[in-house]
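A.B. asks: Dumping the structure here so I can ask a few things about it.
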Amino acid sequence: MCKGLATLCIFFIQLSVFYGQWDYGFKMSVIPVVTDGDTLANPWTGGLTAPQWSPIDLDFDGDEDLFCFDRDGHRLLAFERTSEGGWHYRPEWVEGWPEITEWCLLRDFNCDGKPDIFTSYQNYIYVYLNNTTNPLNPEFEPVATPLNASYDFGQGPDMLPVVCLSLDIPAIQDLDGDGDLDIITFTETSATLYKYEGLSACGLEMECTNRCYGMLAEAMENNNLYIGEDFDCEYNVADPRSDMRHAGGSLTALQLDDNGPLDLLIGDVTYPSIIGVILEDADDGQDSAIFTDFNFPLETNGIEALDCQRFPSGYHIDVDDDGARDLLFSPNTYLEIDDDACVHYMRNIGTDLGPVWNYVSSTYMQDGMIDMGRGAYPVLKDVDGDSLIDLVVTNKENYQGLGSTPTKLHIYKNTGTETDPVFTLPDSPSVDLSTYGIESAFPAVGDVDGDGDIDLIIGDELGLLHYFENNEGEGNWPLFEATSLSISDATDETIDVGQFATPQLVDINSDGLLDMVIGEKNGILNLYLNCGSSTSPEWCKYTSDEFGYAWGNIHVTNALGINGYSTPSITQDSLGTHILVSNEVGSVQYFGLLEDDLNHEYSEETVNVLNHVSGYRTASTFSDLNDDGKLDCLIGLQNGGMRCYMGSDSVTIDVVDNLQPEPISFNIYPNPGGSILNWSSSLEDSKVEIYTTTGIKILSTSDKVINTEGFASGIYLVVQTKTGSPQGPPALWMKLDN
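Residue 412 in the numbering used here sits at position 412 of the sequence shown, with consecutive numbering throughout.
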């Protein structure tokens, strides 16, 4: 076992040779999307669930752009401020940023005008210095891993990490106007507040100066606050910790009353509202709470109070660029929230020091995106026979309260051309799935009954399948009617694949009949052959003596070695039928070309054809949307939206099967090597790329010396690459214990 600071374990070295069966590259792109007559501003962001917002001038043009970290899926998003006052999605601006988990706030600690990264590491804080000069080539240097502060528990000062529970959101800013950043966090009990005071301008030297900041305490059992005479805590008590826990709090520091020290907004994990706390300088010099507003802002102000469903967190940002900072509120959790209303915008129509709030929207930013709520499962198919590829998409759920999480289906009609698609959402739905009590609906479309129009099969959370027949006829927009809920197989047994059935209709055995390949929670693919006819299908479960129900012995990548959530997207082109499967961790795996032998065992040939992980629990679909001869891809995310990738030039090189090239030497040393690693290769002018196990690239460098001090503990894939290398990238896995 490897232990110690940033030590290295090499598990195995794998020399990969690609044989050209998957011959497509992809680049992120945009297809216009029209809803209610309006073209969406940013349709392909992937949706939002638990976004955290920070201002930053990403393109160095003098105005503040917007950075977003979504706790759900650990996703990074960037938006450019436009001259019209809107936002333009810029995914390329956050490629290559450090891996971030739980929470992230951008704050400029060294006064160079470039906000730095403050992020969660376990229950502490990591800081990365922003050295970026070009948004397409980000440079971040780990400078505090973790961030420490001086504590005095009565035995003299001691340097210990700044405490910030990973579930919380801290307040990080210059609280006292002395030129350095200060930090407020909840203590380990989540009842009182730590204050960490900066000791040097433009630096990270910190001191814990108060463990009862604001002279307030939150009740253990709810979000009640004790202030004034009800509060009992001595200044800088030796240790306020107890065994009681009430985890989950968010903090925002800002001026609410144009008087005294900065005030606070406090969110609680189980409540939809946020608490406004007015602070004043007390006689003893401490900042003390004198007033609490449990329904911020007070409804007597004439506007609606915040209702964020669960665990709101506030972000103080000048959204409209008028010089007075506004407020964005978003849930700080992805559990039991209203996925359709995740960005609440309160505009400040007053001043920065004397704010007056106007509740503008609960769907700010989201109303310019495709955001289905929870989950998005797309399928590309011409559903009305006009030779243009349309978009069918369902979702897992829309949260409307405990026990009320209906699913829905949208079909976007392609109103563009064969070379320039445009997806337009009609006013009337083709079917209302919520009527049937179906949850986690997953669509499969095809002419099931042989009448020339497109029918619908829906998989659900219970592992069942449901048939919806289209009787509108060939060439018409579909209207689906439930014909068979809980489809049975040829033996009259209900088809049940366990949980989260994800069907696809595709001819597997080349007999001219549509078969069903069905993914499931356990990460395998089930095969049901159509043993009936084109007008009257019968579904026969296929099993093999060697692999049982796992057709082709295909098992997708999973997060914890348990599930996988396989979603098939088997696709045909001029080379044949490609087996592609999305999974729980967000990648799209490639298992080669379909073989005639139904007993053939398939092996993974490409770990992720998109070379990018957009989020968790993905579902992909492929088709040539712009008639350029290359497959394009839409991928749905757990966050409720989709990403759009258009086919680009080849990323693999065709080689002859019997070609035996000279092996490539690729080494990392020493082992163990402390926090400094060296690498060497027999390929000249090559570079190293390091990926997390979820496929996120965290480093790309030609420097032969790598400092891993800022890397989180875990397993990484190290790939040595050179443009034009005919052998593909040699790679190795390494484990770091930091």
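Every residue gets a Cβ at the ideal spot worked out from N, C-alpha and C, and that includes glycine.
(1) Let's test the definition: count the other Cβ atoms within 10 Å of the Cβ of Leu760 and tell me whether it reaches 16, buried, or not, exposed.
(2) Using a C-beta cutoff of 7 Å, does Leu204 count as contacting chain C?
(3) Do Ile438 and Leu465 have their beta-carbon atoms positioned less than 7 Å apart in this structure?
(4) Consult DSSP for Glu92 and reduce its assignment to one of helix, strand or coil.
(5) Would you kindly report the start and end of the unbroken beta strand (DSSP E) that includes Leu560?
(6) Can you round the beta-carbon distance between Glu397 and Ser440 to whole angstroms, since I take them to be within the 8 Å contact cut?
(7) Leaving out five residues on either side along the sequence, give the residues of the same chain with a beta carbon under 6 Å from the beta carbon of Pro32.
(8) According to DSSP, Tyr364 sits in a beta bridge with which residue or residues?
(9) What does DSSP give as the partner residue(s) for Ala78 in the beta ladder?
(10) Assuming Asn148 and Leu160 form a contact by the criterion Cβ under 8 Å, report the distance between their Cβ atoms to the nearest whole angstrom.
(11) Going by DSSP, what residues sit across from Pro406 in a beta bridge?
(12) Tell me the rounded alpha-carbon separation between Cys212 and Gly523.
(13) Based on Cα-Cα distance, which residue from Phe186, Glu709, Thr405 and Gly473 lies nearest to Thr435?
(14) Taking Val379 as part of the beta strand (DSSP E), name the residues at either end of that continuous run.
(15) Are the beta-carbon atoms of Gly314 and Phe329 separated by less than 7 Å?
(16) Note down, in chain order, each residue of its chain lying with its Cβ closer than 6 Å to the Cβ of Tyr151, except the 5 sequence neighbours on either side.
(17) What does the alpha-carbon distance come out to for the pair Glu605 and Ile278?
(18) Could you please give me the residues that DSSP links to Met206 through a beta bridge?
(19) On the criterion of 16 or more Cβ atoms from any shown chain inside 10 Å, does Asn678 qualify as buried, or is it exposed?
(20) Any chance the region 537-553 sits against the region 483-494, with 3 or more Cβ pairs inside 8 Å?
(21) Out of Gly498, Ala305, Asp624 and Thr45, which one is the CA nearest neighbour of Ser574?
(22) Per DSSP, what kind of secondary structure is Ser250 in: helix, strand or coil?
(23) For Pro261, name the three-state secondary structure that DSSP assigns.
(24) Roughly how many angstroms separate the alpha carbons of Glu95 and Thr701, rounded to a whole number?
(25) Using only the alpha-carbon positions, how far apart do Leu402 and Ile337 sit?
(26) Express the C-alpha separation of Ile668 and Val143 in angstroms, rounding to a whole number.
(27) Could you tell me which of Ala376, Asn259, Ile690 and Asn626 sits nearest to Leu48, measuring between CA atoms?
(28) Candidates Tyr345, Ser534 and Ser510: which alpha carbon is nearest Asp451's?
(29) Near Leu505, what residues of its chain come up, given a Cβ to Cβ distance below 8 Å and the 5 sequence neighbours on each side ignored?
(30) Taking all protein chains shown into account, decide if Glu99 is buried (16 or more other Cβ within 10 angstroms of its Cβ) or exposed.
(31) Please classify Tyr436: does DSSP put it in a helix, a strand, or coil?
(32) Which residue or residues does DSSP assign as beta-bridge partners of Lys27?
(33) How many whole angstroms separate the CB atoms of Ser620 and Ser569, which I take to be in contact at a CB cut-off of 8 Å?
(34) For the region 463-511, which segments carrying the alpha helix (DSSP H) assignment without a break, of at least 4 residues, lie completely within its bounds, in sequence order?
(35) Applying the criterion that 16 or more other CB atoms from any shown protein chain within 10 Å of the CB defines a buried residue, is Val705 buried or exposed?
(36) Give the secondary structure of Trp87 by DSSP, where H, G and I count as helix, E and B as strand, and everything else as coil.
C.D. replies: Concretely, from the data shown:
(1) Only positions 1 to 738 of the chain appear in the structure, and residue 760 is not among them; the question remains open.
(2) Among the chains in the structure shown there is no chain C, since it carries only a single protein chain.
(3) Here the question's residue 465 lines up with position 465 in the sequence shown. Here the question's residue 438 lines up with position 438 in the sequence shown. Contact: no.
(4) If you number the sequence shown from 1, residue 92 lands on position 92. The answer is helix: DSSP assigns Glu92 an H, G or I state.
(5) Position 560 of the sequence shown, counted from the first residue, corresponds to residue 560. Taken as a continuous stretch (DSSP letters only), Leu560 belongs to no beta strand (DSSP E), as it is neither H nor E.
(6) Translated into positions along the sequence shown, residue 397 becomes position 397. Translated into positions along the sequence shown, residue 440 becomes position 440. Contact holds; Cβ gap of about 7 Å.
(7) Counting from one through the sequence shown, the residue named residue 32 turns up at place 32. Closer than 6 Å at Cβ, skipping near neighbours: Thr39 and Val422.
(8) Position 364 of the sequence shown, counting from 1, holds the residue named residue 364. Bridge partners of Tyr364: none, in fact.
(9) Here residue 78 refers to the residue found at position 78 of the sequence shown. Answer is Phe67, bridged to Ala78.
(10) Translated into the one-based positions of the sequence shown, residue 148 becomes position 148. Translated into the one-based positions of the sequence shown, residue 160 becomes position 160. Contact holds; Cβ gap of about 6 Å.
(11) By 1-based counting over the sequence shown, the position of residue 406 is 406. None, per the DSSP bridge assignment.
(12) Numbered from 1 along the sequence shown, position 212 holds the residue referred to as residue 212. Numbered from 1 along the sequence shown, position 523 holds the residue referred to as residue 523. Cα to Cα, the separation comes out at about 49 Å.
(13) Within the sequence shown, numbered from 1, the residue matching residue 435 stands at position 435. Among Phe186, Glu709, Thr405 and Gly473, the Cα nearest to that of Thr435 is on Thr405.
(14) Within the sequence shown, numbered from 1, the residue matching residue 379 stands at position 379. Run containing Val379: Tyr377 to Lys381, per the beta strand (DSSP E) assignment.
(15) Counting from one through the sequence shown, the residue named residue 314 turns up at place 314. Counting from one through the sequence shown, the residue named residue 329 turns up at place 329. Cβ distance < 7 Å, so Gly314 and Phe329 count as in contact.
(16) Within the sequence shown, numbered from 1, the residue matching residue 151 stands at position 151. Counting only Cβ-Cβ distances below 6 Å, and skipping sequence neighbours, we find Asp158, Leu160 and Cys208.
(17) Position 605 of the sequence shown holds residue 605. Position 278 of the sequence shown holds residue 278. Approximately 60 Å between the Cα atoms of the pair.
(18) In the sequence shown, residue 206 corresponds to position 206, counting from 1. Answer is Gly198, bridged to Met206.
(19) Position 678 of the sequence shown holds residue 678. With fewer than 16 other Cβ atoms within 10 Å, it is exposed.
(20) yes
(21) By 1-based counting over the sequence shown, the position of residue 574 is 574. Checking every option, the nearest Cα to that of Ser574 belongs to Asp624.
(22) Walking along the sequence shown from the start, residue 250 turns up at place 250. Looking at Ser250 - three-state DSSP - the assignment turns out to be strand.
(23) Locating residue 261 in the sequence shown gives position 261, where the first residue counts as 1. Coil, per DSSP.
(24) The residue you call residue 95 lines up with position 95 of the sequence shown. The residue you call residue 701 lines up with position 701 of the sequence shown. If you take the alpha carbons of Glu95 and Thr701, they lie about 14 Å apart.
(25) Counting from one through the sequence shown, the residue named residue 402 turns up at place 402. Counting from one through the sequence shown, the residue named residue 337 turns up at place 337. Roughly 10 Å between the two C-alpha positions.
(26) Indexing the sequence shown from 1 puts residue 143 at position 143. Indexing the sequence shown from 1 puts residue 668 at position 668. So the two alpha carbons sit approximately 24 Å from each other.
(27) Translated into positions along the sequence shown, residue 48 becomes position 48. Here the closest residue by C-alpha is Ala376.
(28) Numbered from 1 along the sequence shown, position 451 holds the residue referred to as residue 451. Nearest option by C-alpha distance: Ser534.
(29) Translated into positions along the sequence shown, residue 505 becomes position 505. Correct list, in chain order: Ala444, Val445, Gly446, Val448, Ile457, Leu514, Asp515 and Met516.
(30) As a first step, residue 99 must be located in the sequence shown, where it is residue number 99. Buried, since its Cβ has 16 or more Cβ neighbours within 10 Å.
(31) As a position in the sequence shown, residue 436 is number 436, starting the count at 1. Reduced to three states, the DSSP call for Tyr436 is helix.
(32) Within the sequence shown, the letter at position 27 stands for residue 27. Lys27 pairs with Met646.
(33) Position 620 of the sequence shown holds residue 620. Position 569 of the sequence shown holds residue 569. About 5 Å separates the two Cβ atoms, so the contact holds.
(34) none
(35) To locate residue 705, count along the sequence shown from 1; it is residue 705. Exposed, since its Cβ has fewer than 16 Cβ neighbours within 10 Å.
(36) Within the sequence shown, residue 87 is the residue found at index 87, counting from 1. Reduced to three states, the DSSP call for Trp87 is strand.
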